[in-house]
DNA sequence: GATCCACGGGAATACACGGATG
DNA sequence: CATCCGTGTATTCCCGTGGATC
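Residue numbers (our numbering): 4 to 394.
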């Protein structure tokens, strides 16, 4: 963080002692520029990317590892730096090389969560490559694709596309993306990122390398928490011991750990404390269901879905005890019909955003209803939702 | 006028249960 | 006893429509 940001944060305090300085810095959906303690994995990725430094494209690759192991964090940081570096050194290369000036490829990071359709995917890649933003509608998928061909085909400089969160529910399937790439010019490589190892066919047909990441070790996760805390909350508000408790609870999952820390900090603030206590941690972990899906999936949902989810959290137990009842209540405060809310609720649970728990038979008639339970960090979602002031 | 995508709405299907039937 | 049937819900599936954008 730069000095100006530090000063601005102090200014915001308005004389009030404030525990939380920057929600964004704590959020499990944001990543830091310098990943903490990731030397070995960065080396492996740089080995894979090595051809880049000779002006060549690396082969396709597949990075996989459990949720919260830092896959997105590492790749976004790496790509940001690589792009920065290659633009900086371009003039130098021109003067220092022989026949052909090795130009670096462009590094594009695409989140599959935000590109659920073929159109959206091509749009995202093209958008990263050209100055002017391509139109979001009124233009066919085929047109978009041929423009992409035009841009890539006419350039010696290739592109490396990292496609993150591959294979998650609600996104295009692994094979679908492989097909999309098959339609691109040959100077495009991909780095796929997903939880599970690549399928055998994808690996053998398209991938030269499969790179595995392991979950965070306890001590490193503590470091991650302390680093985030130093950016996001007041000094000394997070003790080492408390951070260790959170790390133990999270069991190597940085996403869950950060979500719990976020919730704990929020709870401490609500109670007017200037440091996070273990009671706050209890409240923080309480608001992180386990298993917990990535908050990134929730905030990538269309606005109306998020609105429905937000309302769902406001319902009390018996209003939430059936999809029917919940739909009726929610449609009162959201500008959608009951039928649509119901369909959305079913779709959300189908995608694992919520979980349906069927009631054990009580009143006899018909198929028993299901209660809806959130599978994402509720406190963090509520806070971020409020900050964005969607309504 | 073209295009994408979220919405609406409803039809089709699945499920739970109790009672009837063979 | 095993199976089928009717009733009432829950859940899934599908597709046309319209808003937004260019």
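All C-beta atoms, glycine included, are put in the ideal place defined by N, C-alpha and C.
Of the choices the options, whose alpha-carbon is the least far from that of residue i?
i           : options            : result
residue 145 : 71, 175, 124       : 124
residue 66  : 51, 60, 55, 368    : 51
residue 112 : 138, 122, 120, 76  : 76
residue 115 : 139, 171, 60, 62   : 171
residue 363 : 224, 235, 29, 325  : 325
residue 165 : 69, 317, 127       : 127
residue 253 : 72, 36, 299        : 72
residue 161 : 137, 181, 179, 187 : 187
residue 256 : 216, 141, 240, 241 : 216
residue 315 : 302, 331, 240, 271 : 331
residue 210 : 223, 251, 230, 185 : 185
residue 234 : 383, 264, 63, 214  : 264
residue 388 : 350, 336, 347, 313 : 313
Please state the DSSP three-state secondary structure of residue i.
i           : result
residue 121 : helix
residue 340 : coil
residue 375 : strand
residue 102 : With a pLDDT of only 32 at residue 102, under 50, the local geometry of the prediction cannot be trusted, and no value is derived from it.
residue 278 : coil
residue 176 : coil
residue 44  : helix
residue 164 : strand
residue 240 : coil
residue 355 : coil
residue 196 : strand
residue 296 : coil
residue 97  : Its pLDDT being 36, under 50, residue 97 is placed unreliably by the model, and the measurement read from it follows with that caveat. Looking at residue 97 - three-state DSSP - the assignment turns out to be helix.
Just curious, the beta strand (DSSP E) that residue i is in, first and last residue?
i           : result
residue 208 : No beta strand (DSSP E) contains residue 208, which is instead part of the alpha helix (DSSP H) from 203 to 209.
residue 322 : Neither: residue 322 is in no beta strand (DSSP E) and is coded neither H nor E.
residue 72  : It is not in any beta strand (DSSP E) - residue 72 carries neither H nor E in the DSSP assignment.
residue 113 : 109 to 114
residue 152 : Residue 152 -> not in any beta strand (DSSP E); alpha helix (DSSP H) instead, spanning 144 to 156.
According to DSSP, which residues form a beta bridge with residue i?
i           : result
residue 246 : In DSSP, residue 246 forms no bridge with anything.
residue 361 : 373
residue 215 : 67
residue 301 : Answer is none; residue 301 lacks a bridge partner.
residue 129 : Paired residue(s): none; residue 129 is not in a bridge.
residue 333 : Bridge partners of residue 333: none, in fact.
residue 169 : 197
I need the boundaries of the alpha helix (DSSP H) containing residue i, first residue and last residue.
i           : result
residue 262 : 257 to 273
residue 283 : 281 to 289
residue 57  : Residue 57 -> no alpha helix (DSSP H), and no H or E assigned at all.
residue 235 : 221 to 235
residue 134 : Premise fails: residue 134 is in no alpha helix (DSSP H) and is neither H nor E.
residue 387 : 381 to 391
residue 27  : 26 to 29
Can you check whether the CB of residue j is closer than 9 Å to the CB of residue i?
i           : j           : result
residue 380 : residue 248 : no
residue 327 : residue 294 : no
residue 287 : residue 269 : yes
residue 228 : residue 191 : no
residue 376 : residue 305 : no
residue 24  : residue 237 : yes
residue 278 : residue 29  : no
residue 299 : residue 382 : no
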